[in-house]
Amino acid sequence: MATEPLQVLRTLGFEPERCTSIGHESLGRHGVYQCADQIIKLYGDGNPPAAARVRAEQLYTARARENGVCAPRVLRAGTVLGVPYTISRRLEGVVAGTPLSDVTAREMGVMLGKLHRPSLAEGAAWRSAWIQELRQAVEKAHASGAGREALSLCDRTLAYLEGISPLLFSLLPMGTLHGDFSARNVLCVDGHVFALLDFELAHEGNVELELARFYQKELHGSPARIAAFQAGYAQQAFLAPGFSRRLPLYLLGEALIGCSWSKNAVDAYFDECLATLRRFLTRCGR
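Heads up, the sequence shown is in our numbering, so the first residue is 212 and it goes up one at a time.
Below, the structure is given as structure tokens:
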């Protein structure tokens, strides 16, 4: 963030010495500060652009509350000293612990189902855009200086995904995605899920992609946690026909996207993504 955060806080009317940093300024994406019962978020560089993330925070916190999800109320938003910002009401609670308990997994399923509110829609356009995104990811991997074996895994995985019948994606559940649904963005009170935070990446789209990311990130293949989550989700939403067949394809796509940026940036994650591709291609004999 180019502008000094303390100067921005003063301009917004806050005394910096009364503000506590609760974000990760080192990432350059944003700074987050707490002052009494308000949360100030200063948006730095990133993708989507900062102004778009501010708009998403405003729009989708309101959308979440309309759908019955407790979410922070944005009190003010704008740009000062060239820095986009939001000021929201602070909510009570503690961040959900990991690994998730079955109870927390079920209650997070209820929450996400309320937010998604999906409806079935024709999926050809979404699939085409997704495949194009994966092609671009593989192009970036080739430009990253990755080794021959890594690039072969990427090329073979892309060819496999391109060869999947489009009919598998003919009907997809479209709704509101949070964009970063995970335990760190969920608050609990008295051991129960209470509120959802951080809507700057929220958007409309295929909700199955968010489900796939959540299964990988938080459920870790645990049959009990998966069953608990699905039971909660089913109270508010639905799993579309063919989801179980599409799930591993989404995870392959996520691994390809990971390979596009993580080489020489987060090498451990790059290796993890390659391992995902290698395991799948070995299982299917490709």
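Ideal Cβ placement from N, Cα and C applies to all residues, glycine included.
- Item | Contact check, asparagine 417 vs proline 384, beta carbons under 8 Å | yes
- Query: Relative to the C-alpha of cysteine 484, which residue among Ala262, Glu465, Ala476 is closest?
  - Reply: Of Ala262, Glu465, Ala476, the residue nearest in Cα terms is Glu465.
- Message: Closer than 8 Å is the cut-off here; do at least three beta carbon pairs connect the region 401-412 with the region 338-358?
- Response: As far as the Cβ criterion goes, the region 401-412 does not touch the region 338-358, which means the pair count is below three.
- Task: Whole angstroms is fine: what's the gap from threonine 487's alpha carbon to leucine 463's?
- Result: Approximately 7 Å, taken between the alpha carbons.
- Check the C-beta distance from lysine 474 over to serine 355 and give it rounded, since I have them as a contact under 8 Å. 4 Å
- Item | Of the residues Val306, Leu450, Tyr296, the one placed nearest aspartate 401, counting alpha carbons only | Val306
- Message: Tell me the residue span of the alpha helix (DSSP H) that contains alanine 332.
- Response: Counting along the chain, alanine 332 falls outside any alpha helix (DSSP H), though it belongs to the beta strand (DSSP E) covering 330-333.
- Message: Assuming glutamine 249 and leucine 220 are in contact, meaning their beta carbons sit under 8 Å apart, how far apart are those beta carbons, in whole angstroms?
- Response: About 11 Å separates the two Cβ atoms, so there is no contact after all.
- Query: Just how far apart, CA to CA, sit phenylalanine 454 and glycine 242?
  - Reply: Their backbone Cα atoms lie some 37 Å apart in a straight line.
- Leaving out the 5 sequence neighbours to the left and right, which residues in its chain are closer than 6 Å to isoleucine 437 when beta-carbon positions are compared? Leu430
- Query: What residues are listed by DSSP as bridge partners for lysine 252?
  - Reply: Val243, Thr297
- Task: Report yes if the C-beta distance between phenylalanine 392 and leucine 398 is below 8 Å; otherwise report no.
- Result: no
- Message: Please state whether the Cβ-Cβ distance between threonine 272 and proline 283 is less than 8 Å.
- Response: yes
- Query: Hey, how far is the Cα of glutamine 427 from the Cα of leucine 223?
  - Reply: Rounded to whole angstroms, glutamine 427 and leucine 223 show a C-alpha spacing of 39 Å.
- Task: Could you give the DSSP three-state label for histidine 403: helix, strand or coil?
- Result: strand
- For serine 330, which residues from the same chain have a beta carbon less than 8 Å from its beta carbon, with the 5 sequence-adjacent residues on both sides left out? Pro384, Met385, Gly386
- Sorted by chain position, which residues of the same chain lie with C-beta nearer than 6 Å to alanine 435's C-beta, five sequence neighbours on each side aside? So the qualifying residues of the chain are Asp313.
- Query: Using DSSP with H/G/I as helix, E/B as strand and the rest coil, what is alanine 469?
  - Reply: In the sequence on display, residue 469 carries glycine and not alanine. The answer is helix: DSSP assigns glycine 469 an H, G or I state.
- Task: Report the residue from Phe481, Val294, Gln447, Gly293 whose alpha carbon sits nearest the alpha carbon of glycine 279.
- Result: Minimum Cα distance to glycine 279 is reached at Gln447.
- Can you tell which of Ser381, Leu382, Ile233 has the C-alpha that lies nearest to the C-alpha of arginine 395? Ile233
- Query: What beta strand (DSSP E) runs, 3 residues minimum, are completely inside the region 414-479?
  - Reply: 414-417
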